[in-house]
Amino acid sequence: SKVKKLSMATPVTWTTYAERLVNTEKVFDKAGFFSMDGLLWGAANLKVSKEEMEAICKSIADPLEARGVGLRIEGIKYMCIQTTDDTVQLKKGKGGAIVKKATKCFIIGVWNEDSTTGTTNPGADMALEKYTKALTAKGF
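Add 148 to a position in the sequence shown, counting from 1, and you land on the number used in the working numbering.
As structure tokens, then:
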């Protein structure tokens, strides 16, 4: 399938971007955009506790933080399956999550165990890569 180029030229809210990740990309059930210190910019169906966000922020600063201990998102414990300099990939059964860093923010995308995307959800990383590249190009 052809990958659509993401346009961030039209001013929209961060919540709108999160809703696009859920409703247009069709790879996530929940998504959110956050500042590097964990402040919510906008979310679609995603609520992260203060304690969970502290751990997520540590894993964004140093992706190795998530290895071995995993991360909790909305009270659900996810196992860390892969990290790179800008990405933490997590799984729980057939569900999972990806935390991906841009320059000044990061995105969390979550898919549920009953989702049809499967365990690894290859479209998830591609979708977040598209968004983080567009954000980085705009200084975010």
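All C-beta atoms in this analysis are idealised placements derived from N, C-alpha and C, irrespective of residue type, glycine included.
On the three-state DSSP scale, how would you describe residue i?
i           : result
residue 172 : coil
residue 212 : helix
residue 188 : strand
residue 178 : strand
residue 290 : Not covered by the structure: residue 290. The range shown for the chain is 149 to 288.
residue 163 : helix
residue 286 : coil
Which residues does DSSP pair with residue i in a beta bridge?
i           : result
residue 226 : 219
residue 183 : 253
Using only CA atoms, which one of the options lies nearest to residue i?
i           : options            : result
residue 166 : 217, 257, 273      : 257
residue 231 : 280, 171, 216, 200 : 216
residue 260 : 235, 221, 189, 160 : 221
residue 163 : 193, 185, 184      : 193
residue 284 : 271, 270, 249      : 249
Pop quiz: residue i and residue j are said to be a contact at Cβ under 8 Å. What is the actual Cβ separation, rounded to whole angstroms?
i           : j           : result
residue 225 : residue 240 : 7 Å
residue 182 : residue 254 : 6 Å
residue 187 : residue 275 : In fact, because the Cβ distance is near 23 Å, the residues do not count as touching under 8 Å.
Whole runs of the beta strand (DSSP E) within the region 228-271, excluding any shorter than 3 residues: 235-240, 243-249, 253-259
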